[in-house]
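**Q** The structure's right below; bear with me while I get my questions together.
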């Protein structure tokens, strides 16, 4: 027996027993058995697209106890989306009930769980099940094994695990010697009481700008270690009144117009990260003015202005991070972490700081292909193929891994639109290819090596146009080998055209 996800009212959920999910006896020659790994936004979008195209033999596996992906996994204080709420939704599932222009984690997770139910995915979701491996078989199928040793056979595997999962810790001496409590911000330890404590927070990027204002309210003293400054725009969060939400429910065009306007503004990000474009300087000036309005100390102002171009590091938004740094119980130290001692930390410039608690806000391993042992055709190991040079064809496929797809793979994310928009386009292409393969009577497809090489060569010529892809940028957008495997080097219109041109001709089929 297995456990499947099933709703029991809102917002509570229950687990129910179901029969074993092996369904080969139920399948006819035209049926594809599909495994989706991950029940976050990309996995939910994949499931919906499969149902829309008439695929019903699929299972969405997730290691957590409810849908939502990163929005179920992470629970740190202040956690919220840095994209406008009405834009951070599935294009086909607007949400008139958002309580503000930017919303926190609980609302987003509840929205995703509700969408999974409304899309008809509940019978397909298997929770509390971590996938450990996926091995390609000679007969053209995939043997998928869970962490508890259960094995299942599928024709297709779609990796929808996302990239904000595996915490990245600094590589410094003494981390195990610390005598107080320590944890990564993305694995928040709610059992640790920070009230009145001396807290050292390592990092000043995406999670830190949300955590710092909340910790500053309760800590006795908070020290923020900033190795490098980030470009932080004001968020401008505004609550939506009950009246506004009612109007959005009654007149859906209000949401459509809001999303159109927000997408127009988000489109400016493409120009702001383009080397030599005037919009980059305008964005940088806006941040400098924001710092000047919020921070009165000239030394701190200087420390908070990045020494990189806008977009080299992830652009951030926050209304309260800068004000939090001016509190009497908060200190900004513009230096990285060099060493952890039993009683605190030593910074890169040699200062010792005592701490009761250390919180590491040091990001993720964003291309962690070793999370699952994936072995494709000819014994190719995905983690090894992707180790130093993660690449994919149009963000979804890699040679030697037939019928294995990424919902959002290397260079499969476009900066100037919401994550949902790109993910929807990726899975739309994947399911369309599977539909074409099914209609043509084929069983497997894998991207051709020459097509893969040509596409990636074309991309290579474009990375240097953008601040995040230039050789002088050192951030999580670029790996140790100097490759920029995260973002697509262009805008969504270009990306959409590339995907709309995709077809079986780009793939070896059998």
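Numbering (the working numbering), first residue to last: 41 to 550.
Each residue gets a CB set at the ideal place from its N, CA and C atoms; glycine is no exception.
#1: Roughly how many angstroms separate the alpha carbons of residue 321 and residue 312, rounded to a whole number?
#2: Classify residue 165: buried if its beta carbon has 16 or more other beta carbons within 10 angstroms, exposed otherwise.
#3: Is residue 203 closer than 9 Å to residue 397 when the C-beta atoms are compared?
#4: For a test of the three-state rule: what should DSSP assign to residue 238, helix, strand or coil?
#5: I need the straight-line Cα distance from residue 227 to residue 124, nearest angstrom please.
#6: Taking C-alpha atoms, which residue in 399, 500, 288, 356 lies nearest to residue 233?
#7: Rounding to the nearest angstrom, what Cα-Cα distance links residue 467 and residue 540 in this structure?
#8: Helix, strand or coil: how does DSSP classify residue 315 here?
#9: So is residue 494 buried or exposed if we call it buried at 16+ other beta carbons inside 10 Å?
#10: Hey, quick one: how far does the beta strand (DSSP E) through residue 387 stretch, first residue to last?
#11: Restricting to Cα atoms, I'd like to know which of 537, 211, 458, 210 is closest to residue 302.
#12: Identify, in the order they occur along the chain, each residue of the same chain with its Cβ nearer than 6 Å to the Cβ of residue 502, setting aside the five sequence neighbours on each side.
#13: Report buried or exposed for residue 535, applying the criterion of at least 16 other Cβ atoms within 10 angstroms of its Cβ.
#14: Taking residue 145 as the reference, give the member of 112, 189, 263, 296 with the closest Cα.
#15: For residue 304, count neighbouring Cβ atoms within 10 angstroms of its own Cβ and tell me buried if that reaches 16, exposed if not.
#16: The alpha helix (DSSP H) spanning residue 406 covers which residue range?
#17: Return helix, strand or coil for residue 426, following the three-state DSSP convention.
#18: Identify, in the order they occur along the chain, each residue of the same chain with its Cβ nearer than 8 Å to the Cβ of residue 440, setting aside the five sequence neighbours on each side.
#19: Buried or exposed for residue 290, please, with buried defined as at least 16 other CB atoms from any protein chain shown within 10 angstroms of its CB.
#20: Count the other CB atoms within 10 Å of the CB of residue 48; is the residue buried (16 or more) or exposed (fewer)?
#21: Using only CA atoms, which one of 543, 422, 307 lies nearest to residue 469?
#22: Extract the residue ranges of the alpha helix (DSSP H) inside the region 285–333, only unbroken runs of 4 or more that lie entirely within it.
#23: What residue range is occupied by the uninterrupted alpha helix (DSSP H) comprising residue 539?
#24: Considering only DSSP beta bridges, list what residue 444 is partnered with.
#25: Straight-line CA distance for residue 538 to residue 375?
#26: Within the same chain, show all residues whose beta-carbon is closer than 6 Å to that of residue 175, passing over the 5 residues directly before and after it, in chain order.
#27: With C-beta atoms as the reference, is residue 377 less than 9 Å away from residue 387?
#28: Taking buried to mean at least 16 other C-beta atoms within 10 Å of its own C-beta, is residue 345 buried or exposed?
**A** Let me spell this out:
#1: For the purposes of this step, residue 321 is taken as residue 281 along the chain shown, with counting starting at 1. For the purposes of this step, residue 312 is taken as residue 272 along the chain shown, with counting starting at 1. About 8 Å.
#2: The count along the chain shown starts at 1 and reaches residue 165 at position 125. Under this definition residue 165 is a buried residue.
#3: Taking the chain shown and counting its residues from 1, one reaches residue 397 at position 357. Taking the chain shown and counting its residues from 1, one reaches residue 203 at position 163. Result no, Cβ atoms of residue 397 and residue 203 do not sit closer than 9 Å.
#4: Here residue 238 refers to the residue found at position 198 of the chain shown. Here residue 238 sits in strand by DSSP.
#5: One-based indexing of the chain shown puts residue 227 at position 187. One-based indexing of the chain shown puts residue 124 at position 84. Taking the straight line joining both Cα atoms gives about 25 Å.
#6: As a first step, residue 233 is located in the chain shown; it is residue number 193 there, counting from the start. When only C-alpha atoms are compared, the closest one is 399.
#7: Here residue 467 is taken as the residue at index 427 of the chain shown, counted from 1. Here residue 540 is taken as the residue at index 500 of the chain shown, counted from 1. In a straight line, the C-alpha of residue 467 is about 12 Å away from that of residue 540.
#8: Here residue 315 is taken as the residue at index 275 of the chain shown, counted from 1. DSSP places residue 315 in coil when its eight states are reduced to three.
#9: Against the chain shown, residue 494 aligns to sequence position 454. Looking at its Cβ environment, which holds fewer than 16 other Cβ atoms inside 10 Å, residue 494 is exposed.
#10: Sequence index remark: in the chain shown, residue 387 carries index 347 (1-based). It spans 384–387 - the beta strand (DSSP E) in which residue 387 sits, taken as one unbroken run.
#11: Counting from one through the chain shown, the residue named residue 302 turns up at place 262. Selected option, being the one with the closest Cα: 458.
#12: In the chain shown, counting from the first residue as 1, residue 502 sits at position 462. Cβ neighbours of residue 502 beyond the five flanking positions: 529.
#13: Position 495 of the chain shown, counted from the first residue, corresponds to residue 535. The residue in question, residue 535, is buried, as its Cβ has 16 or more Cβ neighbours within 10 Å.
#14: Within the chain shown, the letter at position 105 stands for residue 145. The shortest Cα separation from residue 145 among 112, 189, 263, 296 belongs to 112.
#15: Taking the first residue of the chain shown as position 1, residue 304 is located at position 264. Looking at its Cβ environment, which holds fewer than 16 other Cβ atoms inside 10 Å, residue 304 is exposed.
#16: Taking the chain shown and counting its residues from 1, one reaches residue 406 at position 366. No residue range can be given for residue 406, since it is assigned to no alpha helix (DSSP H) and is classified by DSSP as neither H nor E.
#17: In the chain shown, the residue the question calls residue 426 occupies position 386. Residue state, collapsed to three classes: coil.
#18: Numbered from 1 along the chain shown, position 400 holds the residue referred to as residue 440. So the qualifying residues of the chain are 416, 417, 418, 420, 425, 486.
#19: Taking the first residue of the chain shown as position 1, residue 290 is located at position 250. Counting of Cβ neighbours within 10 angstroms places residue 290 among the exposed residues, the total staying below 16.
#20: Taking the first residue of the chain shown as 1, we reach residue 48 at position 8. Because residue 48 carries a pLDDT of 36, less than 50, the predicted location of this residue cannot be relied on, and no value is offered for it.
#21: By one-based count along the chain shown, residue 469 stands at place 429. Ranking 543, 422, 307 by Cα distance to residue 469 puts 543 first.
#22: 293–306, 308–312
#23: Taking the chain shown and counting its residues from 1, one reaches residue 539 at position 499. That run of the alpha helix (DSSP H) goes 532–540.
#24: Taking the chain shown and counting its residues from 1, the one referred to as residue 444 is at position 404. For residue 444, which the question treats as bridged, DSSP gives the partners 197.
#25: As a first step, residue 538 is located in the chain shown; it is residue number 498 there, counting from the start. As a first step, residue 375 is located in the chain shown; it is residue number 335 there, counting from the start. Answer to the nearest angstrom: the Cα atoms are 43 Å apart.
#26: Position 135 of the chain shown, counted from the first residue, corresponds to residue 175. Cβ within range, chain order: 183, 415.
#27: Position 337 of the chain shown, counted from the first residue, corresponds to residue 377. Position 347 of the chain shown, counted from the first residue, corresponds to residue 387. Cβ distance < 9 Å, so residue 377 and residue 387 count as in contact.
#28: Translated into the one-based positions of the chain shown, residue 345 becomes position 305. Residue 345 should be labelled exposed.
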